[in-house]
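Visitor: If you count the sequence shown from 1, you need to add 9 to reach this note's numbering.
A virtual CB, placed ideally from N, CA and C, is assigned to each residue, including glycine.
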Amino acid sequence: TAFVLVRVTDPPGLGNYIRYFTRNRNSNPFLPGENSAYDDQVIDGKTYDVIVEQGIDRNMPRASRDSAGFFYRGDTVTVKFCNTDKATFTFWNTWEFAYQSIGNPFSSPNKVIGNISNNALGAFCGYATQFKTIVIPK
10 TAFVLVRVTD PPGLGNYIRY FTRNRNSNPF LPGENSAYDD QVIDGKTYDV
60 IVEQGIDRNM PRASRDSAGF FYRGDTVTVK FCNTDKATFT FWNTWEFAYQ
110 SIGNPFSSPN KVIGNISNNA LGAFCGYATQ FKTIVIPK
């Protein structure tokens, strides 16, 4: 198994939000990572290295995701980096936190925060995207 390590430079000034997706081979859809939404509170204006995990299909049972997050040598991987606004980040950050709490009998109740009026669940999201494709060496 293998993983992808990327070097990212965050523009100076707080308020940058990203979400990432990966696609393994051209025939598969882009899938978000288990923790795919990030802000720049810790890394503002810095260049840093981060591991990009393979996106996961959240419709698959958790038990069948033993190798989730990893790629294999020879894979062609496309990473889709998306700049978002704060409302989009907040929605996906709270959604992923709630998703990961499912099945934990000790987790506290949480709320997914959307940006649609009348307390509807969901969010209207826009993404500014960049793509990078690599082949993991065999």
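Count the other C-beta atoms from every protein chain shown that fall within 10 angstroms of the C-beta of Lys-55, then say buried if there are 16 or more, exposed otherwise.
Guide: Residue 55 sits at position 46 when you count from the first residue of the sequence shown. Exposed is the call here.
Visitor: When you compare each of Gln-50, Asn-68, Gly-42 to Cys-91 by their alpha carbons, which one comes out closest?
Guide: Within the sequence shown, the letter at position 82 stands for residue 91. Among Gln-50, Asn-68, Gly-42, the Cα nearest to that of Cys-91 is on Gly-42.
Visitor: Identify, in the order they occur along the chain, each residue of the same chain with its Cβ nearer than 7 Å to the Cβ of Trp-101, setting aside the five sequence neighbours on each side.
Guide: Residue 101 sits at position 92 when you count from the first residue of the sequence shown. Counting only Cβ-Cβ distances below 7 Å, and skipping sequence neighbours, we find Arg-28, Ser-45, Ala-46.
Visitor: Spatial neighbours of Pro-114 within its chain, please: CB distance less than 6 Å, with the 5 preceding and 5 following residues excluded, ordered by chain position.
Guide: Looking up residue 114 in the sequence shown gives position 105. Within the same chain, Pro-114 has no close Cβ partners at all.
Visitor: Using only CA atoms, which one of Ile-125, Arg-82, Gly-131 lies nearest to Pro-146?
Guide: For the purposes of this step, residue 146 is taken as residue 137 along the sequence shown, with counting starting at 1. Out of Ile-125, Arg-82, Gly-131, Arg-82 has the C-alpha closest to the C-alpha of Pro-146.
Visitor: Is Phe-98 helix, strand or coil by DSSP?
Guide: As a working mapping, residue 98 is identified with position 89 in the sequence shown. The answer is helix: DSSP assigns Phe-98 an H, G or I state.
Visitor: From Lys-141 to Asp-48, what distance separates their C-alpha atoms?
Guide: The residue you call residue 141 lines up with position 132 of the sequence shown. The residue you call residue 48 lines up with position 39 of the sequence shown. Rounded to whole angstroms, Lys-141 to Asp-48 spans 20 Å at the Cα level.
Visitor: In this structure, does DSSP put Tyr-138 in helix, strand or coil?
Guide: Position 129 of the sequence shown, counted from the first residue, corresponds to residue 138. Reading off the sequence, residue 138 comes out as Thr, not Tyr. Correct three-state label for Thr-138: strand.
Visitor: Whose C-alpha, out of Lys-89, Thr-138, Ala-132, Arg-32, is nearest the C-alpha of Phe-79?
Guide: Taking the sequence shown and counting its residues from 1, one reaches residue 79 at position 70. The option with the nearest alpha carbon to Phe-79 is Arg-32.
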